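What follows is a single structure, written as structure tokens, with notes after it.
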Amino acid sequence: MNKSIKGLTPSEARFDGSALRIAIVHARWNKEVIDALVSGAVAKLKERGVKESNIVVQSVPGSFELPLACSKVIAGSHVQAGATAGDLLGLTFGGSTSSLSKPAEVQSPPATVVTMPNTPFDAVIAIGVLIKGSTMHFEYICDSVSHALMKVQLDTGVPVIFGVLTALNDDQALERAGLGRGQDKGHNHGEDWGLAAVEMGTRSKQWAEGKFL
Ligand code: RBF
């Protein structure tokens with residue numbers, strides 16, 4: 015049998031993730047497969063130098079919730095980054111560090127110096143596992159989620175890695191998480207998503223600065 019030509023060619027460049035902050039947003043449906051994919055993604059992020067403290071993992075019930083969650087997580091990281099910059103300048107936000115209106119016994123300590131400022135996320139990995147059932151649910155969720163995740167990345171300018179498996183049965187899903195029941199365990203696509211996040215996070219930053227290396 016001829017070998018398949020399908021698949022991803024690894025980048026010739028080895029991207030350094032040590033300055034990146036990455037979010038993983040995952041659904042909890044079909045959790046056995048989800049857990050393997052998330053682990054695969056995290057392993058590759060760390061392998062490329064992303065610090066554990068710069069990997070934020072959030073969960074939602076199902077894949078349908080992923081686009082809104084990604085959008086909110088991206089927006090929230092900008093708020094967090096602004097607040098951190100303010101903390102470093104000794105400013106206060108939302109009264110959280112203000113001691114003016116509180117009685118002495120409940121006064122907060124003065125703003126402390128934050129050594130590792132939180133920066134906005136450089137990329138978000140959306141992970142879900144959709145397995146076709148006997149109704150049309152699968153088609154509707156696959157279609158709306160893939161379109162909406164694309165919209166989130168174009169609207170925000172932050173790369174959203176499409177980590178949503180759309181499998182026709184359990185075996186397909188398991189094989190794409192490296193958990194195949196046969197002799198061939200398949201390949202954990204979460205690993206590819208981790209690498210894609212580092213590549214796109216790095217490249218997007220460079221492109222935004224007009225650098226085309
Ligand atoms: N969410 C998934 O992430 N994967 C699925 O395979 C999946 N199948 C579903 C099948 C049905 C019949 C229903 C009602 C929901 C399913 N969901 C699935 C959950 C969906 O993404 C979402 O969490 C809920 O519909 C609540 O908005």
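FYI, the numbering for the sequence shown is 15 to 227, going by the numbering used here. The C-beta atom is built at its ideal place from N, Cα and C for all residues, glycine as well. These numbers come from a predicted model, not from an experiment.
Judging by CA-CA distance, which residue of the options is the nearest neighbour of residue i?
i, options, result
"serine 91", "Glu46, Lys45, Val138, Pro81", "Val138"
"glutamate 213", "Arg35, Lys199, Gly147", "Arg35"
"proline 134", "Leu82, Lys17, Asn68", "Asn68"
"histidine 203", "Ala211, Gly177, Asp185, Gln186", "Gly177"
"lysine 58", "Ser32, Glu79, Ala95, Leu82", "Ser32"
"serine 73", "Cys84, Gln186, Val56, Glu26", "Cys84"
"alanine 211", "Ser25, Lys17, Gly196, Ala89", "Ser25"
"asparagine 132", "Lys219, Gly96, Phe226, Leu188", "Gly96"
"proline 81", "Ala37, Leu227, Lys165, His201", "Lys165"
"valine 174", "Glu153, Leu227, His161", "His161"
"serine 148", "Leu163, Gln167, Leu182", "Leu182"
Considering only residues of the same chain and omitting the five flanking positions on each side of residue i, which have a CB-CB separation below 7 angstroms?
i, result
"glutamate 223", "none"
"cysteine 156", "Leu144, Thr180"
"alanine 118", "Low confidence applies to alanine 118: its pLDDT is 48, below 50, so where it sits in the model is not reliable enough to give any reading."
"aspartate 184", "Ile145"
Within 8 angstroms: the Cβ of residue i and any heavy atom of the ligand RBF?
i, result
"serine 18", "no"
"histidine 203", "no"
"phenylalanine 226", "no"
"histidine 161", "no"
"proline 75", "yes"
"valine 143", "yes"
"glycine 242", "No statement about residue 242 is possible, as the shown extent of the chain runs from 15 to 227 and does not include it."
"tryptophan 43", "yes"
"histidine 92", "no"
"glutamate 79", "yes"
"isoleucine 139", "no"
Which whole-angstrom value is the C-beta distance of residue i and residue j, which I expect to be below 8 angstroms?
i, j, result
"aspartate 136", "lysine 219", "6 angstroms"
"valine 87", "glycine 208", "Their Cβ separation, rounded to whole angstroms, is 17 angstroms, which puts valine 87 and glycine 208 out of contact at 8 angstroms."
"serine 77", "valine 159", "5 angstroms"
"aspartate 206", "leucine 22", "6 angstroms"
Grab me the residues of residue i's own chain with a C-beta within less than 6 angstroms of its C-beta, minus the 5 sequence neighbours each way, in chain order.
i, result
"threonine 216", "Phe29"
"methionine 130", "Note on methionine 130: pLDDT 45, under 50, position unreliable in the model; the coordinate value appears next. So the list is empty, once near-sequence residues are dropped."
"glycine 63", "Asp30, Gly31, Ser32"
"valine 71", "Ile38"
"isoleucine 19", "none"
Within a Cβ cutoff of 8 angstroms, which residues of the same chain sit near residue i, ignoring the five residues on either side of it in sequence?
i, result
"histidine 201", "Glu189, Arg190, Gly192"
"lysine 60", "Glu66, Ile69"
"lysine 45", "none"
"lysine 225", "none"
Beta carbon of residue i: closer than 8 angstroms to some heavy atom of the ligand GTP?
i, result
"phenylalanine 176", "Summarising the ligand content, the structure contains the ligand RBF and does not contain the ligand GTP."
Quiz item: Do the region 34 to 53 and the region 132 to 143 touch if we need at least three Cβ pairs shorter than 8 angstroms?
Solution: yes
Quiz item: Taking three-plus beta-carbon pairs below 8 angstroms as touching, is the region 47 to 57 in contact with the region 187 to 196?
Solution: yes
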